[in-house]
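**Q** Top line first, the protein sequences correspond to chains A and B. Sequential numbering from 570 applies to the first sequence in our numbering. Sequential numbering from 441 applies to the second sequence in our numbering. All C-beta atoms, glycine included, are put in the ideal place defined by N, C-alpha and C. If you're wondering where the values come from, they're calculated on a predicted model, not measured in any experiment. Okay, here's the structure, questions in a sec.
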Amino acid sequence: MKNAAGTHLPPEQRELMARAARLELISIGYTALTITLVALVVGNSQAMRTAWIEDMLSVLPQLAFLASLQFTRKARRYSHPYGYHRSMGAGHLVAGVALLVVGAMLAYESVSALVKLEHPTIGTMNLFGHTVWQGWIMMAVMALIAAPAVVLGRLKIKIAQPLHNKLLYADSKMAKADWQTNAASIVGVAGIGIGLWWLDSTAALVIAAGILKDGWDSTRSATSDLLDRRSKGVDGTDPHPLIAAMEEQLQSLEWVRTAGLRVRELGQVQHTEAFIVPEAETVTLAQSEEARKALEGTDWKAYDVVVTIVPELPEFLKQD
Amino acid sequence: MFRQRPFRARQVKGAAVLGSVFLATACFPAVPVDPEGTLDTVRSGTLRAGVSPASDFVEIRDGEPQGAEAMLIEDFAEHAGAEIQWTIGGEEQLVKQLEAGQLDLVAGGITSKTPWSEKAGVTRPYRTATDAEGKEMKIVLLVPPGENAFLSEVEYFLDQTQEMP
């Protein structure tokens with residue numbers, strides 16, 4: 570069996586992968602810039618602080634992606650016969666759990682500030698000899714840094730889909746929604762400005778809820794992949810369209826009476842086991858190889874195809 | 441990527457949200473506003489000042505506050521057009537009264553590292569001093585938490601009159 574399938578991506582996908590890595594590096598650099606900028610003005614606004622922490626958290630999936638990438642590049646070997654593709658799943662899970670935990674902490678902080686009727690204090694800054702209310706500067710900074718993250722998110726999501734990379738997909742979705750965080754923090758600070766002290770913590774709660782949702786989605790999707798759920802598309806298409814395409818390939822073979830596929834996701838590739846019920850009593854080596862090659866030829870994602878000849882399809886492959 | 445319709449729509453929505461926020465703030469002539477109206481009550485007559493004795497900054501002679509910070513508060517009261525109603529006490533008691541809205545301004549050699557920043561509003565440092573060990577410390581005043589118009593007014597006054605390190 571050729572080791573290359575899936576381990577080394579086809580040239581087009583390899584190019585996309587390199588682009589994804591570049592975009593993630595740019596994202597991390599940009600986030601480092603915004604974290605520094607916001608740190609200068611963060612002040613006492615709960616909403617600003619929550620948005621700031623969310624900025625820091627947004628680096629997690631990006632770092633997880635870059636770290637996992639180092640592993641997926643490794644070729645499989647005797648000790649790791651499936652290769653290292655699952656590292657994407659592990660990274661996805663770690664990022665998801667981190668988002669969940671921090672999101673919950675931030676939500677708790679906002680609620681407790683509301684319950685304790687804490688009035689956020691924001692004073693002034695001395696800008697070139699003028700006493701300027703710091704809230705104006707906070708709002709200006711948050712408005713200024715909102716757009717680039719959204720643009721990066723749009724660029725990344727276009728790559729995540731053809732690469733079938735859920736970690737990258739989750740990261741791009743977070744980035745695309747990033748302007749909402751900035752808008753919420755601006756609303757919070759504006760609330761403080763017009764004397765509505767509770768608007769700040771309420772805005773913080775909205776941001777924390779967004780973080781919690783991202784964390785929940787990532788954790789759930791990563792966990793179900795690690796539990797070898799039937800393969801799904803990155804956008805949630807279930808089952809993955811590739812499964813139907815591969816089944817058709819098998820059905821088109823003359824010696825095949827019926828066939829079923831068990832497909833699970835190993836990161837961005839699909840580990841495929843085919844169960845074939847033949848027409849005749851005997852199956853030749855050539856026929857079995859024909860089936861395997863047909864499946865591997867369907868898509869670069871079809872990885873490590875194993876063909877089994879069975880008298881009838883296993884129960885679990887029949888639809889309920 | 442800007443050619444895609446849904447992105448446009450969302451961008452417009454986002455811009456609308458931001459725009460209305462700025463519009464809303466523009467409708468309030470004096471941003472920030474005090475939730476409890478401290479600046480207004482001070483301007484309409486009385487500055488309730490709390491002082492805690494601290495060498496050089498606040499001394500009590502014959503029951504009257506003296507020292508640099510007492511003078512600073514007198515100057516601020518004049519700037520705001522208010523009469524001072526003094527309260528002399530320990531820091532903890534004064535901070536509790538700030539929180540309860542019974543005081544407007546507290547002084548007493550309080551530094552920018554004060555643990556009271558959890559409970560009260562803290563101004564920017566307006567001067568420096570050296571402590572017993574010769575280390576530099578930055579001196580601040582305390583205001584009621586969240587009374588941002590009043591805090592801004594105090595800081596404006598400090599910007600105009602003090603060295604502001």
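1) Examine chain B for any beta-carbon lying closer than 9 Å to the beta-carbon of N734(A), and answer yes or no.
2) With DSSP as the reference, label H809(A) as helix, strand or coil.
3) Got a sec? Which residues, its chain only, sit under 8 Å from V535(B) by beta carbon, not counting five neighbours each side?
4) Assign H733(A) to one of three DSSP states: helix, strand, or coil.
5) Let's see if you can read the secondary structure: which residues bound the beta strand (DSSP E) around H699(A)?
6) Figure out for me which residue from T877(A), L830(A), S857(A) has the closest Cα to the Cα of K871(A).
7) In whole angstroms, what is the alpha-carbon distance linking R588(A) and G836(A)?
8) Helix, strand or coil for A547(B)? Go by DSSP, reduced to three states.
9) Just verifying my parser: in three-state terms, what is the DSSP assignment at D873(A)?
10) In chain order, what residues of the same chain have a beta carbon less than 7 Å from the beta carbon of A589(B), not counting five sequence neighbours either side?
11) Using the Cα positions of V610(A) and A508(B), report the straight-line distance between them to the nearest angstrom.
12) If we ignore side chains and look at the alpha-carbon of each, how far apart do M657(A) and P808(A) end up?
13) Would E581(A) be called buried (16 or more neighbouring beta carbons within 10 Å of its own) or exposed?
14) Buried or exposed, going by whether 16 or more other CB atoms sit within 10 Å of the CB of P605(B)?
15) Given that S592(B) touches chain A, what residues does it touch there, using C-beta distances under 8 Å?
16) With 16 other CB atoms within 10 Å as the buried threshold, where does L713(A) fall?
17) Cutting at 8 Å between CB atoms, please list the residues of its own chain near L683(A), excluding the five before and the five after it.
18) Can you tell me whether E687(A) is buried or exposed? The criterion is at least 16 other CB atoms within 10 Å of its CB, across all chains shown.
19) What does DSSP give as the partner residue(s) for P505(B) in the beta ladder?
20) Which of helix, strand or coil does DSSP assign to W755(A)?
21) From the beta carbon of G764(A), is the nearest beta carbon of chain B less than 9 Å away?
22) Note down, in chain order, each residue of its chain lying with its Cβ closer than 8 Å to the Cβ of V803(A), except the 5 sequence neighbours on either side.
23) Going by the CB atoms, is the gap between I776(A) and A616(A) shorter than 9 Å?
24) Between the region 687-703 of chain A and the region 816-829 of chain A, can you find at least three pairs of beta-carbon atoms closer than 8 Å?
25) Please check if any C-beta of chain B sits within less than 9 Å of the C-beta of P689(A).
26) K887(A) bridges to which residues according to DSSP?
27) Assuming G548(B) contacts F497(B) under a Cβ cut-off of 8 Å, what Cβ separation, rounded to an integer in Å, is found between them?
28) If we cut at 9 Å on Cβ distances, does Q888(A) have a partner in chain B?
**A** In short:
1) no
2) coil
3) V546, W556, K559, A560, L582
4) coil
5) 699-702
6) Sequence check: residue 871(A) is Ala here, not Lys. Considering only alpha carbons, the answer is L830(A).
7) 18 Å
8) strand
9) strand
10) A470, P472, V473, D474, L479
11) 31 Å
12) 20 Å
13) exposed
14) exposed
15) G692, T693, T700, W702
16) exposed
17) W767, S770, T771, L774
18) buried
19) I500(B)
20) Here the sequence assigns Ile to residue 755(A), which means Trp is not the residue at that position. In the structure shown, I755(A) sits in a helix (DSSP, three-state: H, G or I).
21) yes
22) A729, Q730, H733, N734, K735, Y738
23) yes
24) no
25) yes
26) Bridge partners of K887(A): none, in fact.
27) 6 Å
28) no
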